[in-house]
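Report on the following structure.
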Amino acid sequence: MAQPVYPVTLPLPDVEGFSRQPAFEPVLRSPYEDGNELVMRTHTFVPLVWSFQYRDMSTTDRDALMAFWEGPANCGAVVVKFTDPTNSTAYFVRFASMPECSLETSQQQRWRVMVRLKQAPGSYT
Numbered sequence: 048m049a050q051p052v053y054p055v056t057l058p059l060p061d062v063e064g065f066s067r068q069p070a071f072e073p074v075l076r077s078p079y080e081d082g083n084e085l086v087m088r089t090h091t092f093v094p095l096v097w098s099f100q101y102r103d104m105s106t107t108d109r110d111a112l113m114a115f116w117e118g119p120a121n122c123g124a125v126v127v128k129f130t131d132p133t134n135s136t137a138y139f140v141r142f143a144s145m146p147e148c149s150l151e152t153s154q155q156q157r158w159r160v161m162v163r164l165k166q167a168p169g170s171y172t
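Mapping of the sequence shown onto the working numbering: residues 48 to 172, in sequence order.
Printed below as a string of structure tokens:
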């Protein structure tokens with residue numbers, strides 16, 4: 048079964064605050080008394096984490112994202128295919144948390160939505 052695809056119809060996330068970084072440091076550091084340190088790699092796979100936000104998102108787009116999160120992504124339990132907008136590379140990810148939605152303007156129904164994704168280990172189609 049092919050994995051669900053993160054909605055490509057949504058607007059691009061804001062450049063400001065967009066981050067893609069390793070989820071954790073893959074080494075263990077042990078300091079010596081003389082100031083040196085022993086460094087050993089502890090993990091062979093270090094997942095990436097994406098954090099980004101949509102500003103001024105329409106209610107329709109917010110509802111589409113939340114419907115995807117609740118439906119095909121099964122509230123973050125199902126691995127989805129996500130294309131990083133900065134390098135056009137496809138990754139398999141899970142929602143690391145529920146998208147955080149806050150109303151920006153009450154008159155126009157515009158939203159600020161924060162999304163956090165974490166790369167899923169394994170192979171998927």
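Quick reminder that beta carbons are idealized off the backbone N, C-alpha and C, glycines included.
When the alpha-carbon of Asp103 is set against those of Asp81, Arg67, Cys148 and Asn83, the nearest one is in Cys148. In the DSSP assignment, Met113 falls within the alpha helix (DSSP H) that extends over Thr106 to Glu117.
By the C-beta criterion, the segment 131-148 is judged not to be in contact with the segment 77-86, since fewer than 3 inter-stretch pairs fall below 8 Å. Apart from the 5 residues on each side of it in sequence, Tyr171 sits with its Cβ closer than 8 Å to the Cβ of Gln50, Val126, Lys128 and Phe139 in its chain, given in chain order. Between Leu85 and Gln166, the alpha-carbon positions lie close to 29 Å from each other.
Along the length of the segment 63-145, whole alpha helix (DSSP H) runs at least 4 residues long occupy 106-117, reported in chain order. Gly123 is classed as buried because its beta carbon has at least 16 other beta carbons within 10 Å across all chains shown. The Cβ neighbour count for Pro146, taken over all protein chains shown within 10 Å, is at least 16; the residue is labelled buried. By the criterion of at least three beta-carbon pairs nearer than 8 Å, the segment 55-70 is in contact with the segment 84-100. Per DSSP, Val160 is one residue of the beta strand (DSSP E) stretching across Arg157 to Gln166. The beta carbon of Val74 sits closer than 7 Å to those of Val86, Met87, Arg88 and Thr89, all from its chain and outside the five residues before and after it, given in chain order.
DSSP places Thr152 inside the beta strand (DSSP E), whose first and last residues are Glu147 to Thr152.
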